[in-house]
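As you go down the protein sequences, you meet chains B and F in turn.
Residues 1 to 288 (this note's numbering) are what the first sequence spells out, left to right.
Residues 1001 to 1328 (this note's numbering) are what the second sequence spells out, left to right.
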Amino acid sequence: VIYAQIVLNGLILGGMYTCIAVGFSLIWGVLNIINVLHGTFIIAGAFVSLVAYERWGIHPFVSALFAGALLFVVGYLLQRVLINRVLTASVLMTLTLTFGIDLILNNGLILAFSADYRKLNLANPLGNLDLAGITVSLDRLIAMALALLLTGVLAWLLKYSKMGRAIVAVRMDREAASLMGIDINAVNAVAFGIGALMAGAAGSLLSSIYPFSPLTSTQFLLKAFVVCVMGGLGGVGGALAGGIALGLLESVSGLFLSPEYALTFSFLILLLLIMFRPTGIMGKKGFE
Amino acid sequence: MKMRLGLAALLVVALLLACTTNSYALRVGTMTALTMILAVSWNFMGGMVGYPSFATAAFFGFGAYASAILQMKGVPMALAWVAGGASAAVLAGLLGAALLHVRGHYFAIATLVVAEVLRELTNSFEGLTGGGIGLNLRLDTWSIIDSARLYYVCMVAVAALAVVVQIMVANSKTGVAFRCIRQNEMAADMIGVNAAHYKRVAYALSAVFVGMAGGVYASWIKYLEPPDAFDLFISIKPIAIVLLGGAGTIVGPIVGSFAWMAFEEIVWRNFLTVHAAALGTLIVLVVLFLPNGIVSLWRKKRVVARRSAPQAPARGARGAGPATEEAS
């Protein structure tokens, strides 16, 4: 029974990681940049939910929509105004630029909300579900379901909407896509906005589960990176595989090692993967 | 030649500063020398070879801890510093063998993660490193101002050594190989440049002085703890400084270090709460408007004066890459 419990915990964790990583993976794949801002976007989403809940009593499952919409606008504008200028420059330039913007935004969050650890405490939690000896918090289960639902919606949009097809086309081959009449700048900005939206929504969903602070943004960023490397940059499927794999890995390794080593452990896995298989578990050729 | 005379003059001025009894000036001077060591060292890998490494903090912390532990075991200070540098270089060699075949984002993040892993390991090996409690070194027997002077002079000496080695490398066959790899690694490999070998050399060079500086830092501050020694900022700072000054050039990292320290001292003193945001703004402005650094301002002017025609913009197919040595 304890194994089933651990696997279930791992799956829930994995669902959240998928939601965190899918936006990061989208931005990386389409714009070919590492978005260092991703961690701060997540924390910003969490704070939106915190404020909405404490001021107006809006449940985080609802305010996740607002957080996502707000961050879409922020991401869209940031890409259009700043990041677009260095998109063709070297890796170092794009990485440094997003790092600089991250310092500014993160400092802003600290000024606005202080660096203290916060958590959204629900006044009336839904309680626990008992399934043949396995206990699950219903709130967590629903948060995970919503995260996966959101990921599913994104996958559907990428597959069936016009903009989604354009985004996938740019990810596959930028030059060819622009020759087919796709407005690359618009696609870039929308993709960055969607990446920020997913981060914001993930942050909202996480806000009632994990304590957060502007200082924890790096942890979320590194987690997103680990998931992308594990799953490969093959789109939503890769993020899902990587997310679930990391979630399971962390909860299973917590059984043998003490939980404080979970992060180190996943970093070691990351290093090994980069050394030997940089395209990831599900990786396709051409995305490295 | 003019540049070398200028650097020699700078070194003389720096050594004269050691006569002062103003301990604030000595502290800022030591920090400036330390910053310069980080920037010049990163320039080997990031500027000359063009690989975005984020492992400076790993080298710094590793060298600092190695040197501090040796000192506690009774090894003389100077010897411990050299050992700190050597151990960082060995770490870089091992990392290079494992990681230098990956490029771009993957290389950047892999090197970033190394410092995180080392920090956690340092946290857990309590017997050797003191874990999260940290490591205390014995206090010096001589007076406070004398020890401040000593560490200042030592830090300046390491910085001077790093700069001299960088000049020598830039003018040697190795330097040519580094620049070949930056411009086109595959082509460099084809014409017989052993890219794998030179990348490892560059990586070891970018670690050895950082490790030594870590050793001097540990002796100077007398206290080490993992979040301090493996601070992410130690990796980021040299990158921002080299970009600010001018990547791939000799003078760039030096000019950048002074500009950065001046900026940092002013901001720390007056706007403590928005310190990070101010640094972020500086970074954004440099990347957007001065991608080839301060050095390029002066250089562009000179070229314009000579040819009385504007220099062809450096934004080719690869975009705003680092300024090349050959541009002058």
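Here a beta-carbon is modelled for each residue, glycine too, at the ideal position from N, C-alpha and C.
- Beta-bridge partners of residue 1223/F (DSSP): 1136/F.
- The three-state reading of DSSP puts residue 91/B in helix, counting H, G and I together.
- Residues of chain F with a Cβ closer than 9 Å to the Cβ of residue 267/B are, in chain order, 1113, 1114, 1116, 1117 and 1120.
- Within the segment 63-92 of chain B, 82, 85, 86, 87, 88, 89, 90, 91 and 92 place their CB atoms closer than 9 Å to a CB of chain F, listed in sequence order.
- Not a single CB atom of chain F sits nearer than 8 Å to the CB of residue 23/B.
- Judged by DSSP secondary structure, residue 134/B falls within the beta strand (DSSP E) whose first and last residues are 134-137.
- Distance from the CA atom of residue 154/B to the CA atom of residue 164/B, rounded to whole angstroms, is 9 Å.
- Along the length of the segment 1226-1280 of chain F, whole beta strand (DSSP E) runs at least 3 residues long do not occur.
- Remark: C-beta atoms of residue 1092/F and residue 1172/F do not approach each other more closely than 8 Å.
- In summary, the residues of the segment 1234-1251 of chain F whose CB is separated from some CB of chain B by less than 9 Å are 1236, 1239, 1240, 1243 and 1247, in the order they occur in the chain.
- Bridge pairing for residue 212/B: 118/B [DSSP].
- DSSP, reduced to helix, strand and coil, places residue 1189/F within a helical segment of the structure shown.
- The straight-line gap separating the alpha-carbon atoms of residue 35/B and residue 1165/F is approximately 35 Å.
- Per DSSP, reduced to three states, the secondary structure at residue 268/B is helical.
- At a cut-off of 8 Å, the C-beta of residue 100/B has a neighbouring C-beta in chain F.
- In the DSSP assignment, residue 128/B falls within the unbroken beta strand (DSSP E) covering 128-131.
- Using beta-carbon distances, residue 1273/F counts as an interface residue toward chain B, with a partner under 8 Å.
- Around residue 1284/F, the beta-carbon contacts reaching into chain B at under 8 Å are 82, 97, 100, 101 and 104.
- Look at the segment 224-255 of chain B: the residues with a C-beta under 7 Å from a C-beta of chain F are 225.
- The segment 1188-1205 of chain F and the segment 1037-1046 of chain F touch, with three or more beta-carbon pairs separated by less than 8 Å.
- At least 8 Å separates the beta-carbon of residue 1063/F from that of residue 1097/F.
- For the pair of segments examined, the segment 187-198 of chain B was found not to touch the segment 230-250 of chain B: the number of CB pairs separated by less than 8 Å stays below three.
- Put simply, of 1150/F, 1169/F, 1270/F and 1007/F the residue whose alpha carbon is nearest the alpha carbon of residue 1141/F is 1150/F.
- In chain order, 185 and 188 place their CB closer than 7 Å to the CB of residue 84/B, counting only its own chain and leaving out the 5 sequence neighbours on each side.
- With its beta carbon less than 8 Å from one in chain B, residue 1291/F belongs to the interface.
- Sequence-distant partners of residue 1067/F (beyond 5 residues in either direction) whose C-beta falls short of 7 Å from its own C-beta, in its chain, are 1080, 1081, 1083, 1084, 1214, 1215 and 1218.
- Taking CB atoms only, residue 185/B has no neighbour in chain F less than 8 Å away.
- Contact check for residue 1039/F against residue 1238/F passes: the beta carbons are separated by less than 8 Å.
- The beta carbon of residue 1070/F sits no closer than 8 Å to any beta carbon of chain B.
- By the Cβ criterion, the segment 1022-1039 of chain F is not in contact with the segment 1178-1192 of chain F, since fewer than three pairs of Cβ atoms, one from each stretch, lie closer than 8 Å.
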